[in-house]
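Report on the following structure.
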Amino acid sequence: MKIKELLLFTAFFFALTSIFAQGTIRGRVTDGDNGEAMIGATVRIFQDSTLRGGAYTDLEGNFNIANVAAGKYRLVISYLNYLTLEVQNIEVKTGDIYSRDFIMNPDLGDEGEQNTVVLTAKVDNSTENRMLVVQRRSVNVVDGISNQQLRRTGDSDAGAAVRRIVGLTVEDGKYIYVRGLGDRYNKGFLNGAEIPGLDPERNTIQMDLFPTSLIDNLTVYKTFTPDLPASFTGGLVNIETRDFPDKFTVRYSTTLGFNTQASLRNNLALDQGSSLDWLGMDDGTRAFPAVINQGKVPSLSFSDPEVAATLDAASKSLTTPVNPVQKNSFLNQSHNFSIGNQWLVGGDKPLGFIANVSYRLRENYFDRGTEGRYHAIYDSAAHDITLIEDRNLNKIEGSREVLLGGMAKVSFKPSPNHKLSLNYLRNQSGESFAKYLEGGIPEDDPSLTFQTRTVGYLQRSINVMQAQGDHLFANANNFKIDWIGSYSISRQETPDLRFFSNDYHVLNGDTIYQLQPALYNNPSRFYRDLQENNLDSRVNFELPFNQWKGLESKLKFGGAYTMRDRFFRERRLEIVNVSGNINYNGDPADYLSQENMGVIGTTQTPSGTIYNYGNVVNDATQARNNYDGSQKIMAAYAMTILPVTPKLKTILGARYEGTFIHVASLDRQLAAAEIVAHDVLPSVNLIYSPRENMNIRASVTRTIGRPFFRELAPFASFDFVGDYALVGNPNLTRTLVDNLDLRWEMYPRSMEIFSFSAFYKNFTNPIERVVAPSAANTELNLRNVDNAKLYGIEVEFKKGLDFIHPKLANFRVGGNMSLIHSAYTIDPSELYAIRETDPSAKDTRPMFGQSPFTVNAEMSYTNDTLGLTSSLVFNVFGPRIAAVGSKGTPNIYEIPRNSLDFYVSKSLGEYWSLTFRAQNLLNPAFKRVYRRDGLPDVTFSESKRGQIFSLGFAYKIP
Amino acid sequence: MKNLRLTLFLLAFAGLGLAFSGCSPKGCTDPTADNYDPDAKKDDGSCSYDGGFTGVVTITDDGSGIGTTTWTKDKIYLLDGFCFVNDGQTLTIEPGTVIKGKAGAGADASALIVARGGTLLAEGTASEPIIFTAATDKISDPNDIPAGTNGLWGGLIVLGKAILNSAPGETAIEGIPTSEPRGLYGGSDDTDNSGKLSYISIRYGGTDIGAGNEINGLTLGGVGSGTTINHIEIFSNADDGMEIFGGAPQIKYIVSAFCGDDGFDYDEGFRGKGQFWLAVQGAVGDRGGEHDGGTSPEDGTPYAHPVIYNATYIGRGAAQGTRACTFRDNAGGEYHNSIWVEYAKGIDIENLASGEDSYNRFNAGTLVLENNVFYNVAGNVADDIFKIEGPGSDATDSLAAVAALKNYFSSASNSVADPGISVTRTGTDGGISSFNPIPSNTMSATSATDTWYDAAAYKGAFGTTNWLLGWTALDELGLVE
């Protein structure tokens, strides 16, 4: 109740401040020639031919004409050698703000004659068009999504949205692959500054942390220019958060979604939960037991009363359930509130803010999943390998995920040529999950049925503080400086991750349950905590000049310093059965009941009291599994953007990057990783524009791929979930990549594009996950392999359908497709081990996670008169390696799935709109298989996630 | 300088004076000792540990190994972490020496590892065995660890240069990452010599070193026939008693008692010899013998083909559902003159569609089960004792295999008969309070012709003398009748 009142009051207050002003006309003008802000254009308003007011656009191309009396006006925007824009009949009401975006194009007509383009007064949201202009005029190959497109596809977060970009695939809704390259080869930026990823096994940011309501646009850079960090080879995704609006704005939306598998159940499998789960955080229920505290659990002693008491208390302190808890589920929901406004301080200095709070809850469930594990043997009769089943399990999995996010951004323009912004963003998310698997383990013992449970909670938070500034010095030849300082603190905790496994068999009609630590792990609990602090500071200088023929050119130079510190800690507790005679009836809760834990009795012997233990906690914490990492990158660059002729532009330059990485395990006996490298990375780009709406681009660049902390940390993590032990390698070095890019692109009309690209990348010493041939159990190593090559093509188009029939003017289609090939040569010793089982095995394999093709297609309908927007979006990716096969076992591929989403939105009057969305309509199986040419696929894992139907409403002012 | 010496002298003198004056009582100042005197200010070297040892030496390894050294019986040696006898080093252990392993799991596990090229000379005697046990085990007190306890420390691992059948012929021992080169074993010398091991009792080991991975009591990785191994006891280990990875070690008089997994396990092409092997399984444990051929690839050669005479395997009882032995993945092997009692299931031999299986070895004549006795195994139904597991290449093959094995049971002079091995169980879980491995019904047999084997005109690991007496934990704890 209180919150509601506060919101109402705030809304009223902001509304009031607007009412006191007279009418205002605001806008943003973009240069159609380069997609940048149009600075210093003259904006005037007339009634008939009487000048009523005017302004110049500032360094962002924004203008503001205040104190406009109510009435109808004619707006004229002019700039030398550009087509003048004219808008008739703009209606200004008292207390209202008219705002609109414009694109000004160069006037290529006869000299001396000012040509004018007349626009209608009706506002068309031209952000998507602006995106295309940015794309067309950018010096490097970029692809992007505007907030307008986001609204049309209805994607709820950045992870869903980036799938629409050519050459992009998204794993698990979170991690991006650009042109088939994952993790190490991509970068995530927020407002032009780096932000850390949260998963210790990964390097890039989880894209689903950012709701689309926060996003102004998403840009993916695919070629390197010296003003960008050199550590991306696939793509650099920049999420630009929304800037303050032209006038007072409130937006509110609520969406409820029904997942056909997860919603409205009474048996959603989760962990037991805590009172703060609804806010995305644990309330301490899952904390490391206080009685054990930070000290090590003492090892077993049968005679020492002190040890016995400590062990007893520690063992009895582990009380959270290890079995999945069945909970009621409701509906998926998301709520969003944002507010923004701007004022003029001191008469003409805009001060604006935008703030956003969002809340999201999602539930997922499936109960017909399967997991199969096989190994290959050579079948001499068939002259080929055959797969032997090790495990075949049915799987039930449930999760409930809460994301609470907030952002506030304040910007101030002390003069039209200077802008300062402060931005704060916080995301808090928590996911309660449970998995239950049951089935045969024939390789261990065909008569046994194996049961295993994983229960836990994953909590993530990220805080980002950014300060940035843009400065234009008009009297210094339009010299420009922009800078950003960004500090982020992120944390990922997995408190109380619980595992419990057992088996059973039926003998003479009795079901006999037992735990066999020789076959699988003892019951255990993990507590993981990852913290990362990240400082990123960048400054860019830009000096325009005219080349010898007088063509506009630019010199850019600048520097960057980024620093990243990570701390990873893991505690492991194992429950060991000491007495050997716990009667186990199949219920883990009974097995771990208080009377079975710790000291269960004493025996008097001639030499004193002997303590008898039931199940006791054993401290299995490994010093080697804890590590600290630090990374410093220093960079400086210089480049020119220089047209040789009006049709041929060159972008030449180089960037220096100094890399300093240190990763040390807390086990000081293990070697620390140390990387010091100094690289000069050249970039040569040519843009030839034979026609105004056509570009041919070519570039040759060199980029870097760096190993990340987890890969350098010298420990082996034995994981249940992933079955393989991953062993870090402190001797890894960075990868150098030579890139060659070609692109032809055409922009037939506003909002339309055709493009065709080809690319080739040559990796020197790429880091790949390889199977260690001499390991007893399957162990994945990271190694710099000799060389890898990747090449491919991309096509993209966006087209209105009015060329078929004018009545189809509201329909648009778009699509893109990538075909990619990659290969690296398998390490000789690994290949030897593979061919011992499979003599026909190939000596190359595709790079990890790389799809041979991706396809995106979209059809949309937009009718402004009816306020109706609708779209049908399709996405599919080609089979990609999810895990490398061990010793002749085929590689595991994630196989294609067709994803189809439908979205429709209808505005109801000025303030309200309704949305309906249907996601994952085809409900394809998420499936991984053992795959090799000439052999039938064998399922590794399979599950379906259900369709989601959501209904939402939104309210907005204006 | 002169002043400093003078000062030291005076201080020393004053100290002596104090000591003699009786203001500062002498005694044992180590709180971990048996005779710790809290009032003592000055140690007089009288500390006594665990019933008479004069000191505890903690052994750690920073990568340079233990070195060439001798461990003496007056001290206790406490292993802290993985301690290696490196290539070129020789560790000699006197009879009667006690080695204890600190508790710890994973990378913190304590174990003694003889790396390839290292030598272990550990020859105890029947009256003075060498004991490997947990740090918490007081040798002087037989009652201090309750029955069934295991996994308190790691184990003893011996690695050699003998031949494996896995690719690439060199493997990292379970639980040690490949980044530790001293954990690798295997090579080309089947006669490799890793030293001498006799009268050794290994107790309460088998701590967890990774997912589903415990250290075996005694692990032999690529050990060659030049190594002497006899009179070994593995008592209450969490994993297998002994696991042999390839190579050709020759082992006489070994007992695996009350271990958490299999009694004896072999893998990766073991081609050695064995005689007088006893497995006894109580409240925990799986198969008497788990015998694998190749792991990667499964058709790797040389195929496993050990020849074992005079084994006695005592199972957990018919109610616990465990198997006597399993042969699979192209494992061959021979058991002669042996006894299996108290198993729910008999000996299974894998027969796969691919043909890469132990039935293949049976047909090739390198899987031999001759002159053995079974009692209370597979319900005493002779036809059920040798079993085929797996579908075979087709129904004909499958039926033929089943029939061949049924026929083989009697044609190879195997029988169902009661050898009269007495086992007293404590309850329903198979727990054993005492047993007598000497058959009361004499089962005569013909000795092996190979002179490595001792003449033994009986079946099973025991004739009339009980070689367990005097040096084993089984005897010490009164488990042997």
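Chains as they are written, first to last, in my numbering: chain A, 420 to 1377; chain B, 7 to 487.
The C-beta atom is built at its ideal place from N, Cα and C for all residues, glycine as well.
How is residue 413 of chain B classed by DSSP in three states: helix, strand or coil?
It is helical.
Go ahead and pull the three-state DSSP assignment for residue 1221 of chain A.
The answer is helix: DSSP assigns residue 1221 of chain A an H, G or I state.
Compare the Cα-Cα distances from residue 336 of chain B to each of B/345, B/346, B/276 and report the closest residue.
Selected option, being the one with the closest Cα: B/276.
Which runs of the beta strand (DSSP E) spanning at least 3 residues fall entirely within the stretch 1322 to 1356 of chain A, listed in chain order?
List check, beta strand (DSSP E) in window: 1331 to 1338, 1344 to 1350.
Segment contact, 8 Å Cβ cut-off, at least three pairs: the stretch 1244 to 1255 of chain A with the stretch 1212 to 1220 of chain A
Look at the beta carbons and you see the stretch 1244 to 1255 of chain A not touching the stretch 1212 to 1220 of chain A: under three pairs across the two are nearer than 8 Å.
Could you tell me how far apart the beta carbons of residue 1103 of chain A and residue 652 of chain A are, in whole angstroms, since I believe they sit closer than 8 Å?
16 Å between Cβ atoms; not a contact.
Range of the contiguous beta strand (DSSP E) that encloses residue 391 of chain B
Annotation for residue 391 of chain B: no beta strand (DSSP E) segment contains it, though the alpha helix (DSSP H) segment containing it runs 388 to 391.
So what does residue 446 of chain A bridge to, in DSSP terms?
Answer by DSSP bridge pairing, in chain order: A/482, A/519.
Mapping the DSSP letters down to three states, classify residue 6 of chain B as helix, strand or coil.
Since the first residue of chain B shown is 7 and the last is 487, residue 6 of chain B is not available in this structure.
Is DSSP giving residue 796 of chain A helix, strand or coil here?
Residue state, collapsed to three classes: strand.
Just to confirm my understanding: we take residue 1014 of chain A, look at its own chain, exclude 5 residues before and 5 after, and list those with CB closer than 6 Å. What are they?
Close CB contacts of residue 1014 of chain A within its chain, under the 6 Å cut and outside five residues either way in sequence, are absent.
Roughly how many angstroms lie between the CA atoms of residue 688 of chain A and residue 873 of chain A, to the nearest whole one?
Each residue's alpha carbon lies about 11 Å from the other.
Using the beta-carbon count (16 or more within 10 Å), is residue 28 of chain B buried or exposed?
Below a pLDDT of 50, predicted positions are generally treated as unreliable, and residue 28 of chain B, at 48, falls in that range; no measurement from the model is reported.
Could you give the distance in angstroms between the alpha-carbon of residue 386 of chain B and the alpha-carbon of residue 993 of chain A?
Residue 386 of chain B and residue 993 of chain A have their C-alpha atoms spaced approximately 41 Å apart.
Taking DSSP as the reference, what is the three-state secondary structure of residue 762 of chain A?
Assignment of residue 762 of chain A by DSSP, reduced to helix, strand and coil, places it in the strand class.
So residue 269 of chain B packs on residue 245 of chain B, CB below 8 Å; how close in whole Å?
Between residue 245 of chain B and residue 269 of chain B the Cβ distance is about 11 Å, and since that is not below 8 Å, they are no contact.
Over what stretch of residues does the beta strand (DSSP E) that includes residue 970 of chain A continue unbroken?
First-last for residue 970 of chain A: undefined, no H or E at that position.
At a Cβ threshold of 8 Å, is residue 485 of chain B touching chain A?
Chain A contact via Cβ: absent.
Thinking just about the alpha-carbon of each residue, which of A/684, A/884, A/935, A/766 is nearest to the one in residue 843 of chain A?
Closest in C-alpha terms to residue 843 of chain A, from the list A/684, A/884, A/935, A/766, comes A/884.
Starting from residue 864 of chain A and walking both ways along the beta strand (DSSP E), at which residues does that stretch end?
Its beta strand (DSSP E) spans residues 864 to 892.
Grouping DSSP H, G and I as helix and E and B as strand, with all else coil, what is residue 441 of chain A?
Residue state, collapsed to three classes: coil.
So with Cβ pairs under 8 Å, would you call residue 249 of chain B a contact of chain A?
It does not: the Cβ of residue 249 of chain B has no partner Cβ on chain A nearer than 8 Å.
By DSSP, does residue 1204 of chain A sit in helix, in strand, or in coil?
Residue 1204 of chain A falls in the coil class under three-state DSSP.
Flag this pair as yes or no: are the beta carbons of residue 117 of chain B and residue 161 of chain B separated by less than 8 Å?
Going by C-beta atoms, residue 117 of chain B is nearer than 8 Å to residue 161 of chain B.
Near residue 508 of chain B, what residues of its chain come up, given a Cβ to Cβ distance below 8 Å and the 5 sequence neighbours on each side ignored?
There is simply no residue 508 of chain B to check, as chain B begins at 7 and stops at 487 in what is shown.
Measuring only the C-alpha atoms, how far is residue 699 of chain A from residue 848 of chain A?
Spanning the two alpha carbons is a distance of roughly 4 Å.
Using a Cβ-Cβ cut-off of 8 Å, state whether residue 433 of chain A counts as contacting chain B.
Its pLDDT being 46, under 50, residue 433 of chain A is placed unreliably by the model, and the measurement read from it follows with that caveat. Judged by the 8 Å Cβ criterion, residue 433 of chain A is not in contact with chain B.
If you draw a straight line from the alpha carbon of residue 317 of chain B to that of residue 112 of chain B, how long is it in whole angstroms?
Taking the straight line from one Cα to the other gives about 33 Å.
Terminal residues of the continuous beta strand (DSSP E) containing residue 901 of chain A?
The continuous beta strand (DSSP E) containing residue 901 of chain A extends over residues 898 to 926.
Assign residue 1245 of chain A to buried or exposed, taking buried as 16 or more other Cβ atoms, counted over all protein chains shown, within 10 Å of its Cβ.
Residue 1245 of chain A is buried by the Cβ-count criterion.
Roughly how many angstroms lie between the CA atoms of residue 964 of chain A and residue 1364 of chain A, to the nearest whole one?
Rounded to whole angstroms, residue 964 of chain A and residue 1364 of chain A show a C-alpha spacing of 57 Å.
Can we say the stretch 142 to 159 of chain B touches the stretch 203 to 216 of chain B, given the rule of at least three CB pairs closer than 8 Å?
With three or more CB-CB distances shorter than 8 Å, the stretch 142 to 159 of chain B counts as touching the stretch 203 to 216 of chain B.
8 Å Cβ cutoff, residue 225 of chain B in contact with chain A:
No, residue 225 of chain B lies away from the interface with chain A (no Cβ there is under 8 Å from its Cβ).
On a CA-only basis, which of A/1165, A/488, A/451, A/928 is nearest residue 526 of chain A? Give me that one, please.
When each option's Cα is compared against that of residue 526 of chain A, the closest is A/451.
Which residue's Cα is closest to the Cα of residue 226 of chain B: B/114, B/196, B/242?
Answer by Cα proximity: B/196.
As assigned by DSSP and simplified to three states, the class of residue 1062 of chain A
In this structure, residue 1062 of chain A counts as strand in the three-state DSSP scheme.
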